[in-house]
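Okay, structure first, notes after.
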Amino acid sequence: MTIVLLIVITILSILGTVVPQKEAAREFTGHLDPALAFVLYKLQLFNIYHSVWFIIPMILLSLNLIICSWNRFPTSWRLFHKALFPPPAWSRAFENLPPHRVLFSKRETTEESVRLENLLKKKYRRVQREDTGKATYLSGCKGAFSCFGVYIVHLSVLIIIGGVVIGNLLGFDAYVEIVEGGSSDTVRLQGGDSLKKLDFTVRCDRFSLDFYDNGAPKSYRSDLTFLKNNRVVYKGPVLVNHPVTFEGVRFYQANYGTMPGGEAIIMVRKGNGKASMFRVGAGAEFKLPGSDVTGKILRIEENLMGIGPAVKINIRSAEGDIQFWVFQYIEAIREKNPGLLEKVLLFNPGRFEPYLFSLERIESRYYTGLQVNRDPGVPVVAAGSFFLILGFMVVFFCSHRQMWIKLESERGGTRISITGKSNKDHVGLQRELLRLVREAIREEG
Amino acid sequence: MLNTTILGWVTFIYFGSFAFYLFNMVTVREFWGRLASFTALIGLLTQTAALIIRWIESYHLGIGHAPLSNLYESLIFFSWTIMLLYLIVEWRTKNRSLGAFVVPFAFLFMAYASLSPDINNRIQPLVPALQSNWLTSHVITCFMGYAAFAVSCALGFMYLLKGLEGSTGNSSIYVSTFLKFIPPLEVLDELNYQIVVLGFVFLTLGIMTGAVWAHYAWGSYWGWDPKETWSLITWFIYAAVLHTRFMRGWRGRRMAIMAIIGFVSVLFTYLGVNYLPGLHSYL
Chain A
239 MTIVLLIVIT ILSILGTVVP QKEAAREFTG HLDPALAFVL YKLQLFNIYH SVWFIIPMIL
299 LSLNLIICSW NRFPTSWRLF HKALFPPPAW SRAFENLPPH RVLFSKRETT EESVRLENLL
359 KKKYRRVQRE DTGKATYLSG CKGAFSCFGV YIVHLSVLII IGGVVIGNLL GFDAYVEIVE
419 GGSSDTVRLQ GGDSLKKLDF TVRCDRFSLD FYDNGAPKSY RSDLTFLKNN RVVYKGPVLV
479 NHPVTFEGVR FYQANYGTMP GGEAIIMVRK GNGKASMFRV GAGAEFKLPG SDVTGKILRI
539 EENLMGIGPA VKINIRSAEG DIQFWVFQYI EAIREKNPGL LEKVLLFNPG RFEPYLFSLE
599 RIESRYYTGL QVNRDPGVPV VAAGSFFLIL GFMVVFFCSH RQMWIKLESE RGGTRISITG
659 KSNKDHVGLQ RELLRLVREA IREEG
Chain B
871 MLNTTILGWV TFIYFGSFAF YLFNMVTVRE FWGRLASFTA LIGLLTQTAA LIIRWIESYH
931 LGIGHAPLSN LYESLIFFSW TIMLLYLIVE WRTKNRSLGA FVVPFAFLFM AYASLSPDIN
991 NRIQPLVPAL QSNWLTSHVI TCFMGYAAFA VSCALGFMYL LKGLEGSTGN SSIYVSTFLK
1051 FIPPLEVLDE LNYQIVVLGF VFLTLGIMTG AVWAHYAWGS YWGWDPKETW SLITWFIYAA
1111 VLHTRFMRGW RGRRMAIMAI IGFVSVLFTY LGVNYLPGLH SYL
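Residue numbers (the numbering used here), protein chains in the order written: chain A, 239 to 683; chain B, 871 to 1153.
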């Protein structure tokens, strides 16, 4: 049953990696027949991991784990108790021992039994001694708890699934875009277009990005301010791999982009006079130095006709309106197209004489895309993961071992036989038995 | 770059080691076996040196980071972990027959990394998503798991081959010597179980370190990214291998076949997933 469920979940998981999911599905469905796309959508094939097809086997798997563990536990419990108090009739365990596991001592049986009991006590938590008239039996045992390892593993998997459920029920997963200088207190929930209002306001003071020499991105960073009732509560940067948590809500750097517009830095010079600098946004007006003439930025283009940043300026004077474009890389354009700027009046930055305009640069306004999450299930999943590893250690690397020593009087001395039993790792048991034999001999002197 | 030149040699050293392990199996002469182990060890040490040099070179370029950040570096590291694990197993079991089956994996991954024109062997700076302390622990645990599964797959092949011993048709003396050199079936099965356990624990740790990293980088510990999903599928397969062994006593031939299927899934998780769209695009 477990295997069947694992196979079903596996097949659905594979399907989910082949069929585009969620956002990616929107583009994919565009290429499909609408009726087919609708059927596939209704079958939840574009959100497999949250579909009933996926959730039902997961519930069944959880139930399966609970029931299997429940049914098996009493047996393990009995085994555990039996292991702690092993039965006295071990005669069979001492049959056909290899010669190296049988030793002879000149000392008396009682003396030997005390010595060996102390030796066992050093290594094994529980040591028992039993005298039947004919022989003395010593037994040492460790790792009896290892039969519970499998329950730790199953319980951990259930805890992890529980953590996921908690996260899905009580948490949320959202996204917000904030322009530099702007702020927001609502976020858009993923997998739908519904909005969620936060208990506080986030402001993006600045977004900055940095590149390596080879052009690969080096860092994306948003400087955020968190406000409550218009009071600043916390300020801090958010970078990829370094989210910020505020009131249990985590903010991740996920995306960025530039806003249309931004601000242009332009220089205006009258004849051979001193140049003045203006920082203006689209639609803003400025006075030309030493006159009543006003300039106005009509458009700001990041890349006009593929030849770089440009602004369109309108000059209003007593004679009427004049319009022209000012390019940032004017020298390069002049070199490539000699005479173009003089011929096309619209491209001549010296059209309004005696003023000469130049564009220093355009300062783009960025917006930052933040992923906004709240997942109260995380500590539960983390705890489950910790116990899962613990359970693996017990299941795979601990074994229940019992060591048995039988002492019999023989020809004025003692005959010592050593044997043992283990529920797994028989190679390890042999090694441990060999060590015990060696220690028994060494103490013999 | 010096490191890529040295890594180019390592490819040939591993090929030599593989050839010597084969000679050892068909001639049963101790000399070839010793030479094979020696060559393998030299290869591993040279490769370790090259990895350290690459690490240092990255600091000279001003973009210092552990050499675990792109497909080239991961292939090299995969091959390194396979050889490391193999030599440990050889040392513990005192048996060289596994070498002829495992070393070819290390050789092939090295050759793919060094010779494929699609693979960029330059040291690249870390993009923001990779700038995390979790990179090293995630990559090391994952590839320890992958390496264990590669060894387990080799053991699976050995088991199936050994199963042919004594059947009609392999009259050639070389074939029978070769098959005789492979350890008995029970030994292979027990060793394979232990290696699968090792791989399973490391894969689990790899998925967990990945989840912690994703929690810091992508906003959720689990996002059903194809690589995540396939690592889970691989985890299910090996969980099934262990479960059927414990509960139904599936051993031997079945275990060998499942070990091979498991490794196919590992390879898809590692390389095949790159053909599906997802977040793990850098590896």
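Just so it is clear, CB atoms sit at the ideal spot from N, CA and C, and this is done for glycine as well.
Please read these numbers as outputs of a predicted model, since none were measured by experiment.
Spatial neighbours of residue i in its chain, beta-carbon cut-off 7 Å, leaving aside the 5 residues before and after
i: A/LYS525; result: THR532
i: A/SER343; result: GLU350, GLY651, THR652, ILE654, GLU682
i: A/LYS644; result: PHE332, ALA373, TYR375, SER655
i: B/ILE883; result: THR909, ILE912, GLY913, THR916
i: A/ARG426; result: ALA412, TYR413, VAL414, LEU433
i: A/LEU477; result: SER457, TYR458, ARG459, GLN491
CB contact below 9 Å: residue i versus chain A
i: B/GLN917; result: no
i: B/ALA1109; result: yes
i: B/ALA1081; result: yes
i: B/GLY1089; result: yes
i: B/PHE1116; result: yes
i: B/TRP879; result: no
i: B/VAL1067; result: yes
i: B/PHE1070; result: yes
i: B/GLU943; result: no
i: B/GLU1035; result: no
Whole-Å CB distance - residue i paired with residue j, under 8 Å assumed
i: A/ILE286; j: A/GLN259; result: 7 Å
i: A/MET631; j: A/SER377; result: About 25 Å; that fails the 8 Å criterion.
i: A/LYS359; j: A/VAL352; result: Going by Cβ atoms, the distance from A/LYS359 to A/VAL352 rounds to 11 Å, so no, they are not a contact pair.
i: B/GLY1089; j: A/ALA492; result: 7 Å
i: A/PRO455; j: B/PRO998; result: 6 Å
i: A/ILE545; j: A/PHE565; result: 7 Å
i: A/GLU677; j: A/LYS372; result: At roughly 25 Å, the Cβ-Cβ gap does not stay under 8 Å, so A/GLU677 and A/LYS372 are not in contact.
i: B/ILE826; j: B/VAL1021; result: The structure shown does not extend to residue 826 of chain B, since chain B is modelled only from 871 through 1153, so no value can be given for it.
i: A/TYR472; j: A/PHE464; result: 4 Å
i: A/ILE560; j: A/ARG537; result: Contact flag wrong, Cβ pair sits at about 15 Å.
i: A/LEU433; j: A/THR424; result: 5 Å
i: A/VAL391; j: A/GLY622; result: A/VAL391 to A/GLY622, Cβ: 11 Å. No contact.
i: B/GLN1001; j: B/ASN940; result: At roughly 14 Å, the Cβ-Cβ gap does not stay under 8 Å, so B/GLN1001 and B/ASN940 are not in contact.
i: B/VAL973; j: B/PHE888; result: 4 Å
Beta-carbon proximity check, residue i vs residue j, cutoff 9 Å
i: B/THR874; j: B/ALA936; result: no
i: B/PHE948; j: B/GLY1132; result: no
i: B/CYS1023; j: B/GLY1080; result: no
i: A/THR496; j: A/SER421; result: no
i: B/ALA1126; j: B/LEU1025; result: yes
i: A/SER314; j: A/PHE386; result: yes
i: B/TYR1016; j: B/LEU1073; result: yes
i: A/SER307; j: A/ASN661; result: no
i: A/GLY700; j: A/GLY615; result: With chain A covering only 239 through 683, there is no way to say anything about residue 700 of chain A.
i: B/MET980; j: B/ILE933; result: no
i: A/LYS534; j: A/ILE553; result: yes
i: A/LYS659; j: A/LEU672; result: no
i: B/TYR1091; j: A/VAL619; result: yes
Chain B within 9 Å of residue i, Cβ atoms only
i: A/PRO481; result: yes
i: A/SER655; result: no
i: A/SER457; result: yes
i: A/PHE410; result: no
i: A/TYR279; result: no
i: A/ARG488; result: yes
i: A/SER351; result: no
i: A/ASP613; result: yes
i: A/TYR287; result: yes
i: A/VAL340; result: no
6 Å CB neighbourhood of residue i in its chain, flanking five on each side removed
i: B/ILE1052; result: SER967, MET1028, LYS1032
i: A/GLY474; result: VAL482
i: A/LEU299; result: LEU243
i: B/LEU914; result: MET953
i: A/SER596; result: MET505
i: A/GLY405; result: ASP613, GLY615
i: A/GLU501; result: ARG517, GLY519, GLU601
Close Cβ partners of residue i (< 8 Å) along its chain, the five nearest in sequence each way excluded
i: A/VAL487; result: LEU436, VAL610, ASN611, ARG612
i: A/VAL675; result: HIS338, ARG339, LEU341, ILE656
Exercise for review: Taking 8 Å as the threshold, find out whether the stretch 922-942 of chain B comes into contact with the stretch 889-909 of chain B through three or more Cβ pairs.
Suggested key: no
Exercise for review: Determine contact between the stretch 404-413 of chain A and the stretch 603-614 of chain A, defined as no fewer than three beta-carbon pairs at a distance below 8 Å.
Suggested key: yes
Review point. Just checking, does the stretch 1096-1106 of chain B make contact with the stretch 1133-1148 of chain B on the three C-beta pairs under 8 Å criterion?
Key: yes
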